[in-house]
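These notes concern the structure reproduced below.
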Amino acid sequence: MNLLDHATASYLGLAIGDALGATVEFMIPREIKLKYGVHQTLCGGGWLHLKPGQVTDDTTMSLALGGAICLQGKVDALASAQAFDAWMRSKPVDIGNTVRRNLIQFRKTGHPEAPYSDHDAGNGAAMRVLPVALATLGQSEQQVRDACRLQAHVTHHCALSDAACEALVLMVQDALRGADKLHLLHQHAHPLAAAHPEFRFRAIKPVHNPSGYVADTLAAVFQSFFDTDNFRDCLIDIVNRGGDADTTGAIAGMLAGVLYGRDAIPKNWLNTLNVEIRKACEAQAVALIQLSGTPVKTAEVRY
Ligand code: MN
Ligand code: MN
Numbered sequence: 096m097n098l099l100d101h102a103t104a105s106y107l108g109l110a111i112g113d114a115l116g117a118t119v120e121f122m123i124p125r126e127i128k129l130k131y132g133v134h135q136t137l138c139g140g141g142w143l144h145l146k147p148g149q150v151t152d153d154t155t156m157s158l159a160l161g162g163a164i165c166l167q168g169k170v171d172a173l174a175s176a177q178a179f180d181a182w183m184r185s186k187p188v189d190i191g192n193t194v195r196r197n198l199i200q201f202r203k204t205g206h207p208e209a210p211y212s213d214h215d216a217g218n219g220a221a222m223r224v225l226p227v228a229l230a231t232l233g234q235s236e237q238q239v240r241d242a243c244r245l246q247a248h249v250t251h252h253c254a255l256s257d258a259a260c261e262a263l264v265l266m267v268q269d270a271l272r273g274a275d276k277l278h279l280l281h282q283h284a285h286p287l288a289a290a291h292p293e294f295r296f297r298a299i300k301p302v303h304n305p306s307g308y309v310a311d312t313l314a315a316v317f318q319s320f321f322d323t324d325n326f327r328d329c330l331i332d333i334v335n336r337g338g339d340a341d342t343t344g345a346i347a348g349m350l351a352g353v354l355y356g357r358d359a360i361p362k363n364w365l366n367t368l369n370v371e372i373r374k375a376c377e378a379q380a381v382a383l384i385q386l387s388g389t390p391v392k393t394a395e396v397r398y
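Count along the sequence shown starting at 1, add 95, and that's the number in the working numbering.
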């Protein structure tokens with residue numbers, strides 16, 4: 096188990112899943128099948144008219160958050176809000192409604208925590224949790240959960256979103272400590288569904304056309320992640336379900352990346368991923384692990 100290899104693979108998996116899924120975002124499985132057969136290349140296009148290998152908000156918001164964490168040396172609500180605000184000013188290719196609404200509110204108030212709302216249960220905070228998982232590796236579970244909320248509440252202050260964000264971060268961290276998939280299933284995915292039945296993903300039909308509702312998103316991601324046994328199959332399975340495919344792809348890619356490691360990522364996907372994004376993901380994964388203070392053998396630093 097090479098910590099930096101798996102942390103880097105998680106960030107690359109996020110970006111690759113985002114780029115792969117964005118092509119078929121908002122399509123239903125039948126439309127995808129008609130147009131692509133099985134969609135499996137980072138060919139760009141889609142409703143955003145992307146270039147091959149181009150990513151969307153899922154990856155660029157993660158990088159914005161990770162950059163703020165590196166600058167502050169910790170997860171900080173105000174620094175996160177400022178980073179997201181600067182990101183919004185950079186005219187990103189896509190932006191979620193809840194993200195936009197609460198960032199505009201932040202511009203008015205300067206307060207980096209959105210008002211509580213059960214309606215803000217979109218996947219916009221969950222899609223960008225990875226930098227928190229890497230930066231807080233080794234901290235107590237309560238510290239990790241608190242850090243999750245600092246970043247999430249900038250735009251999504253909602254119990255279901257929190258539950259999703261925290262489960263994902265704890266799954267990534269356990270995988271970085273060498274946990275296997277069964278551990279992630281029994282220690283995190285099933286308990287999440289037990290605490291919040293909205294997240295049930297077993298004994299239900301395969302989730303097709305998953306929406307941006309965080310419980311729908313995670314149910315689809317968990318089905319794809321737990322029912323496949325390699326990075327490529329997991330990502331192909333999730334994005335061909337359509338719906339919010341860039342975000343389900345990003346989250347599934349993060350989990351598959353951290354579990355299977357960098358060598359499991361298909362070379363043609365890695366080579367097609369936008370090169371600046373690839374380098375930014377690699378550099379930030381290393382910087383965030385170093386910030387966490389987790390011992391890493393010097394020999395492991397490859398970048
Ligand atoms: Mn997106
Ligand atoms: Mn999306």
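Built from N, CA and C at the ideal position, the CB exists for glycine as well.
Anticipated Cβ contact below 8 Å, residue i with residue j, distance rounded
| i | j | result |
| --- | --- | --- |
| Arg-295 | Leu-107 | With 8 Å as the limit, Arg-295 and Leu-107 do not qualify as a contact, their Cβ atoms being about 30 Å apart. |
| Leu-229 | Ala-380 | 6 Å |
| Leu-158 | Pro-147 | With 8 Å as the limit, Leu-158 and Pro-147 do not qualify as a contact, their Cβ atoms being about 19 Å apart. |
| Met-101 | Val-119 | Here residue 101 turns out to be His, not Met, going by the sequence shown. That belief does not hold up - the Cβ atoms of His-101 and Val-119 are roughly 27 Å apart, past 8 Å. |
| Leu-160 | Pro-226 | 5 Å |
| Gly-112 | Ala-347 | 6 Å |
| Gln-268 | Val-309 | Incorrect: roughly 19 Å between the Cβ atoms, too far for contact. |
| Ser-256 | Ala-209 | Between Ala-209 and Ser-256 the Cβ distance is about 10 Å, and since that is not below 8 Å, they are no contact. |
| Asn-325 | Pro-124 | In fact, because the Cβ distance is near 21 Å, the residues do not count as touching under 8 Å. |
| Trp-182 | Thr-154 | Trp-182 to Thr-154, Cβ: 11 Å. No contact. |
| Val-249 | Pro-292 | Wrong, their Cβ atoms sit about 27 Å apart, outside the cutoff. |
| Asp-180 | Arg-202 | 6 Å |
| Thr-389 | Leu-98 | 7 Å |
| Leu-287 | Ala-258 | 6 Å |
Local Cβ density within 10 Å of residue i, reported as buried at 16 or more and exposed below that
| i | result |
| --- | --- |
| Asp-311 | buried |
| Trp-142 | exposed |
| Ser-235 | exposed |
| Pro-76 | Nothing can be reported for residue 76, as the shown portion of the chain is limited to 96 through 398. |
| Ile-199 | exposed |
| Asn-363 | exposed |
| Ala-117 | buried |
| Asn-218 | buried |
| Pro-103 | Looking at the sequence itself, residue 103 is Thr, so the reference to Pro does not match. Thr-103 should be labelled buried. |
| Leu-383 | buried |
| Ile-299 | exposed |
| Val-370 | exposed |
| Ala-254 | exposed |
| Val-188 | exposed |
| Glu-261 | buried |
| Ala-110 | buried |
| Glu-377 | buried |
| Leu-265 | buried |
| His-144 | exposed |
| Leu-277 | exposed |
| Asp-215 | buried |
| Gly-205 | exposed |
| His-252 | buried |
| Ser-448 | The structure shown does not extend to residue 448, since the chain is modelled only from 96 to 398, so the question has no answer here. |
Counterpart residues of residue i in DSSP-defined beta bridges
| i | result |
| --- | --- |
| Gly-140 | Leu-145 |
| Gly-112 | Partner(s): none; Gly-112 has no beta bridge. |
| Gly-388 | Note: Gly-388 sits in no beta bridge, so no partner. |
| Gly-217 | Tyr-308 |
beta-carbon residue i near ligand 4 non-hydrogen atom, thresh 7 Å
| i | result |
| --- | --- |
| Asp-311 | Only ligand 1 and ligand 2 can be found as ligands here, which leaves ligand 4 out of the picture. |
CB contact check: residue i to chain C, cutoff 8 Å
| i | result |
| --- | --- |
| Ala-270 | Of the protein chains in this structure there is only one, and it is not chain C. |
3-residue-minimum beta strand (DSSP E) runs that sit fully inside the segment 294-362, ordered along the chain: Here no run is fully enclosed.
Residues with C-beta closer than 6 Å to any heavy atom of ligand 1, in chain order: That query returns the following residues: Thr-151, Asp-152, Asp-153, Asp-189, Asp-341 and Thr-342.
Residue ranges of each beta strand (DSSP E) within the segment 208-255, 3 or longer: The qualifying runs do not exist here; there are none.
Whole runs of the alpha helix (DSSP H) within the segment 149-175, excluding any shorter than 4 residues: Within the segment 149-175, the complete alpha helix (DSSP H) segments of 4 residues or longer fall at 152-167, listed in chain order.
Secondary structure, alpha helix (DSSP H): runs of 4+ residues fully inside the segment 257-286: Counting only unbroken stretches of 4 or more residues, the alpha helix (DSSP H) elements lying wholly within the segment 257-286 are 276-279, in sequence order.
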